[in-house]
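*Asks:* Those letters in the sequence shown? Residues 1 to 337, by UniProt numbering.
C-beta atoms are modelled at their ideal positions from N, C-alpha and C, and glycine is treated no differently.
Sharing a structure here in structure tokens format.
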Amino acid sequence: MATRILLVGTARSGRGRREKSESIDELAALTRTSGGDVVERVIQVRPRSDPATYIGLGKVTELARLCREHGISLLIFDEPLTPTQLRNLEIRTGVRVIDRTALILDIFALHARTAEARVQVELAQLEYIRTRLAGMGVQLSRLGGGIGTRGPGETKLESDRRRIERRIKVLRDALERIDRERTTQRRLRACAFRVALVGYTNAGKTTLFNALTAAAARVSDRLFSTLDARTRAAELDRRTRVLVTDTVGFIRSLPHQLVASFRSTLSEIREADLVLHVADASDENVSTRMDAVTQTLEEIGAGDVPVQVVFTKIDRVADSDILARLSRSCRGALFVS
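In structure tokens form, the structure reads like this:
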């Protein structure tokens with residue numbers, strides 16, 4: 001039986017409610033990808049967050065009531081929460097609480113199939129957990145309390161932190177080896193023209209990759225189905241051969257832990273000769289999502305790589321005015337079905 005889930009988001013003003021509603025829709029899609037059942041959604045208009053519970057005691061009481069009435073066992077917040085806020089929310093609602101970052105990390109873990117992807121995802125998860133250990137002190141402590149054990153002793157928090165630090169070092173060393181191997185592979189391919197497919201998650205990158213290279217990479221309608229960079233050759237004509245790389249999808253507010261952990265994969269984008277920015281023409285939020293991709297390219301140091309926009313899924317667009325508007329806003333863009 002799927003976990004019954006309530007989604008929570010906050011808008012700073014009434015005018016920001018629509019944008020938050022779109023973000024909650026995306027959070028619902030992420031939740032379904034992870035196998036959850038979205039039962040309720042709550043959007044609160046609040047100018048400032050509450051440092052103790054993020055949403056204030058009145059709204060927490062309302063959420064606790066909704067959880068009891070609908071048999072909800074998990075709350076997912078669209079915004080990042082502090083360890084203190086997570087703990088207070090769980091105590092007062094009686095159910096488990098996570099935020100958007102934890103959900104995205106969970107989906108990456110669900111879809112990690114290769115050894116490289118699993119290392120990258122585990123490192124990102126541990127980096128996230130490490131930042132949450134601070135502030136959990138009392139409930140994680142195991143101080144000595146008798147003869148021979150008096151004094152500060154060793155808290156569970158400290159031992160957890162040390163264990164996590166050791167594992168993080170092992171994973172970082174593994175990624176360093178992977179990075180060196182990828183660097184060697186890129187040097188061997190340096191004479192070829194390199195193209196990187198980038199775009200929002202589920203925009204159609206892998207479908208385009210298969211069409212360009214005659215590959216048979218697995219295509220899925222789920223978010224983040226591609227976590228590993230794949231490179232294949234594409235023969236444009238008898239004398240022209242390029243290397244095309246399919247990359248991990250981007251998303252708004254992509255956790256910085258993932259950006260850091262996937263640096264070896266994302267370096268394929270930074271060192272490309274051309275980026276094909278794949279965008280879903282049938283997505284009503286396509287402009288916002290294209291902006292998120294452009295921002296992520298800047299963040300990973302690929303902002304100077306030449307970009308060609310490719311709009312996909314035009315067979316799903318019934319209104320020709322939409323395609324005309326996209327054509328005007330992105331001069332030189334290509335349109336494919």
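Write down every uninterrupted run of the alpha helix (DSSP H) in the UniProt domain "Hflx-type G" (193 to 337) whose length is 4 residues or greater and which is fully enclosed by it, in chain order.
*Replies:* Segments of the alpha helix (DSSP H) lying fully in the UniProt domain "Hflx-type G" (193 to 337): 205 to 213, 256 to 261, 263 to 270, 286 to 299, 320 to 329.
*Asks:* Roughly how many whole angstroms lie between the Cα atoms of Val95 and Val170?
*Replies:* Cα to Cα, the separation comes out at about 34 Å.
*Asks:* If Leu6 and Val39 are in contact, beta carbons under 8 Å, what's the gap, nearest whole angstrom?
*Replies:* Confirmed, Cβ separation roughly 6 Å.
*Asks:* Which first and last residues belong to the alpha helix (DSSP H) in which Leu86 is found?
*Replies:* Its alpha helix (DSSP H) spans residues 83 to 93.
*Asks:* Helix, strand or coil: how does DSSP classify Gly15 here?
*Replies:* Residue 15 is actually Arg in this sequence, not Gly. DSSP places Arg15 in helix when its eight states are reduced to three.
*Asks:* Check each candidate in Val310, Asp319, Ala318, Ser337 and name the one with the smallest Cα separation from Arg331.
*Replies:* With distances taken between Cα atoms, Arg331 lies closest to Val310.
*Asks:* For Asp315, which residues in the same chain have their Cβ closer than 6 Å to its Cβ, ignoring the five residues on either side in sequence?
*Replies:* Here the set comprises Ser337.
*Asks:* Should Asp321 be labelled buried (16 or more other beta-carbon atoms within 10 Å of its own) or exposed?
*Replies:* Exposed is the call here.
*Asks:* Would you report the Cα separation of Phe209 and Arg194, rounded to the nearest angstrom?
*Replies:* Approximately 13 Å between the Cα atoms of the pair.
*Asks:* Less than 8 Å between CB atoms is the rule here; does Thr183 satisfy it with respect to chain B?
*Replies:* Absent from the structure: chain B. Only one protein chain is present.
*Asks:* In whole angstroms, what separates the C-alpha of Ala215 from that of Arg118?
*Replies:* Those two C-alpha atoms are separated by around 23 Å.
*Asks:* Give me, in chain order, the residues of the same chain whose beta-carbon lies closer than 8 Å to that of Leu243; leave out the 5 immediate sequence neighbours on both sides.
*Replies:* If we look at Leu243 and ignore the five residues flanking it on each side, its Cβ neighbours are Arg189, Ala192, Phe193, Arg194, Val195, Thr231, Arg232, Ala233, Ala234.
*Asks:* Rounded to a whole number of angstroms, what is the C-alpha to C-alpha distance between Arg92 and Glu79?
*Replies:* So the two alpha carbons sit approximately 19 Å from each other.
*Asks:* Assuming Val121 and Ala112 are in contact, meaning their beta carbons sit under 8 Å apart, how far apart are those beta carbons, in whole angstroms?
*Replies:* Their Cβ separation, rounded to whole angstroms, is 5 Å, which keeps Val121 and Ala112 in contact under 8 Å.
*Asks:* Out of curiosity, what's the CA-to-CA distance linking Met290 and Ser159?
*Replies:* Between Met290 and Ser159, the C-alpha separation is close to 43 Å.
*Asks:* Thinking C-beta only, is Val97 closer than 8 Å to Ile55?
*Replies:* No, they are not a contact pair.
*Asks:* Assign Arg218 to one of two classes, buried (16 or more other C-beta atoms within 10 Å of its C-beta) or exposed (fewer than that).
*Replies:* Counting Cβ neighbours within 10 Å, Arg218 comes out exposed, since fewer than 16 surround it.
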